[in-house]
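> Got a structure for you, written out below as structure tokens; questions coming shortly.
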Amino acid sequence: CPRGGYFVAAGGHRDGRRLGVRRLTERTGDNDLHLVDLVDGDDILVAPNEHDALFGPPAWSRESSAFLFATSSGRDTAGIARYELATGDWSYVLEDTWDLECVGDRAGSVVAVHANEEGYSRLELYDPDTMALRHRVELPDQGVIETLLLSPDGHGLAFGFSSPRTTWDAWLLHTESGESRRLTASPTTVPESELVAPTLHRFASFDSESIPYLVSLPASDGAAPVLLEIHGGPEAQRRPQEHRKHDVGH
């Protein structure tokens, strides 16, 4: 890898020899993805001719001849691409209107694809070789997933989840059945049944961009205080997840 900069290890191969390394550049929303041989020190830059694009960590195939990764190269939103080690070529295999990210297991048996759809999470499981859809996962609520982690054999997928009505907790998904269960129950002084979900709205900006915003209204009638929160961006996003100091109850 080039000297200097900020580096993040991402997506080591199961043979312990090859390691994906992300290098963040000085430009917002831009990074490079390197594939480093830990034995002889060889370094492959996955997309040497691409600039100003996001590149996610690799999710390796069963045969170790290719890997999947998320990238926004040439797109407004990130899709899922496949990189072939033999040729050094890559191409998109899954594209969407919304940003996608992916995570794979050590065995290369399943890939989980997480979509950011209007700020809300959508989770799907695919075959990493054919990209055939296996499961559209039913989430506990309309909310946000954080920190996806597959077990080495691909049978379990752990993730954090919260919504405006539920606390942040750990969940475990059985990838073959698509069923999930809650592992933790974080303490809260406000019952989940008394919290309300926001509604999504949009307005047109001065340059005709469609700007989304969330509105949370108390369940009770009558006058109520108003809290207006404006997120600056652009490198982050205000999403519908647990923010207890802003939650609206009865």
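Numbering (my numbering), first residue to last: -17 to 232. Think of the CB as a built atom: it goes at the ideal place given N, C-alpha and C, for glycine as much as any other residue.
With DSSP collapsed to three states, give me the class of Glu224.
coil
> Express the C-alpha separation of Val178 and Asp229 in angstroms, rounding to a whole number.
Low per-residue confidence applies at Asp229: pLDDT is 46, beneath 50, and the placement is therefore not dependable enough to give any value.
> Given a cut-off of 8 Å, decide if Ser144 and Trp153 are closer than it, judged by their beta-carbon atoms.
no
> So does the stretch 192 to 205 actually touch the stretch 156 to 174, counting three or more Cβ pairs closer than 8 Å?
no
> Ala52 and Leu36: beta carbons closer than 8 Å?
The criterion of a C-beta distance shorter than 8 Å is satisfied by Ala52 and Leu36.
> So, with DSSP's three-state summary, where would you put Glu174?
helix
> Scan the stretch -17 to 42 and note each continuous beta strand (DSSP E) run of 3 residues or more that stays entirely inside, going in chain order.
-12 to -6, 0 to 6, 13 to 19 and 25 to 27
> State the beta-bridge partners of His183 as determined by DSSP.
BP columns for His183 point to Tyr195.
> Which ranges does the beta strand (DSSP E) cover as unbroken runs of at least 3 residues, wholly within the stretch 51 to 122, from first to last along the chain?
Counting only runs of at least 3 residues, the stretch 51 to 122 fully encloses the following beta strand (DSSP E) elements, listed from N- to C-terminal order: 61 to 66, 72 to 76, 81 to 86, 93 to 99, 102 to 108 and 115 to 118.
> Check whether the Cβ of Thr170 lies closer than 8 Å to any Cβ atom in chain D.
No chain D is part of this structure, which consists of one protein chain only.
> With DSSP run on the structure shown, which of helix, strand or coil describes Ser144?
strand
> Under a three-way DSSP split, which group does Val126 fall into?
strand
> With Ser162 as the anchor, note down where its beta strand (DSSP E) starts and where it stops.
Glu161 to Arg164
> In angstroms, rounded to a whole number, what distance separates the CA positions of Arg57 and Ser73?
12 Å
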